[in-house]
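So the numbering used here is basically just the index in the sequence shown, starting at one, shifted up by 5. Okay, so here's the structure we're looking at.
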Amino acid sequence: MDTDLNPTPPAGPPQTPSARSVLVIEDNIDAAESLVVLLEMLGHHAEWADLGSAGVARAAALQPDLVLVDVGLPDIDGYEVARRLRAQAPPRPQRLVALTGYGTPEDRARALAAGFDDHLVKPIALPALEALLSRA
């Protein structure tokens, strides 16, 4: 019986027909890097920006399928990021998702009013992230 106990790993993250481009706008470096790595492990292309203003500029250049935005950014908050992205001429991000530690109905309503499509409470559960990506 010939069994290869040390198979060669794939060259990179698996790319699927439903692979998305995702921009993460998050000032917490550990959280941002973890989310980018997770997205890449799921077969998506992910980049991140650590400030709202940098994220708005990066989204304009990248034109991602999905933008995940922390609402508590140090320069401009995530709500202003959403308003600025929605004000850009098309093409613009298909989906904007607020990332926050707050999950009250009022928090969700505020996110939707600012232009977000969805609202996720941190820490993000993997099934919620996968469902979101399938809709992007």
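In this text, a Cβ means the ideal position worked out from N, Cα and C, and glycines have one as well.
Environment of residue 54 [buried if 16+ CB atoms lie within 10 Å]: As a first step, residue 54 must be located in the sequence shown, where it is residue number 49. Result: buried.
Rounded straight-line distance, which links the Cα of residue 116 to that of residue 83: Counting from one through the sequence shown, the residue named residue 83 turns up at place 78. Counting from one through the sequence shown, the residue named residue 116 turns up at place 111. Going by the C-alpha atoms only, they are around 9 Å apart.
Span separating the alpha-carbon of residue 72 from that of residue 108: By one-based count along the sequence shown, residue 72 stands at place 67. By one-based count along the sequence shown, residue 108 stands at place 103. In a straight line, the C-alpha of residue 72 is about 19 Å away from that of residue 108.
Buried/exposed call for residue 31, threshold 16 Cβ in 10 Å: What you label residue 31 is simply residue 26 of the sequence shown in a count that begins at 1. Buried, since its Cβ has 16 or more Cβ neighbours within 10 Å.
Rounded separation between residue 118 and residue 70 - CA only: By 1-based counting over the sequence shown, the position of residue 118 is 113. By 1-based counting over the sequence shown, the position of residue 70 is 65. Taking the straight line joining both Cα atoms gives about 20 Å.
The region 123-130 in contact with the region 47-61 per 3-pair CB rule at 8 Å: no
Span of the alpha helix (DSSP H), counted from its first residue to its last, around residue 135: Counting from one through the sequence shown, the residue named residue 135 turns up at place 130. Element bounds for residue 135: 131-140.
Separation of residue 40 from residue 24, as counted between CA atoms: What you label residue 24 is simply residue 19 of the sequence shown in a count that begins at 1. What you label residue 40 is simply residue 35 of the sequence shown in a count that begins at 1. So the two alpha carbons sit approximately 15 Å from each other.
8 Å Cβ shell around residue 102 - same chain, five flanking residues per side excluded: Here residue 102 refers to the residue found at position 97 of the sequence shown. Non-local beta-carbon contacts of residue 102 in its own chain, meaning distances under 8 Å to residues more than five positions away in sequence, involve 71, 72, 73, 74, 121, 122, 123, 124, 125 and 137 in chain order.
Nearest-angstrom Cα separation, counted from residue 106 out to residue 94: For this step, residue 94 is matched to residue 89 along the sequence shown. For this step, residue 106 is matched to residue 101 along the sequence shown. So the alpha carbons of these two residues sit roughly 30 Å apart.
Residue-chain proximity (residue 57, chain B), Cβ-Cβ < 7 Å: Any reference to chain B falls outside this structure, which holds one protein chain only.
Of the listed residues 26, 110, 141 and 78, nearest to residue 66 (C-alpha basis): Translated into the one-based positions of the sequence shown, residue 66 becomes position 61. Closest by alpha carbon: 26.
Check: residue 58 C-beta below 6 Å from any heavy atom of the ligand ZN: Summarising the ligand content, the structure contains no ligands, and the ligand ZN is consequently not present.
Those residues which DSSP pairs with residue 75 across a bridge: Within the sequence shown, residue 75 is the residue found at index 70, counting from 1. Answer is 104, bridged to residue 75.
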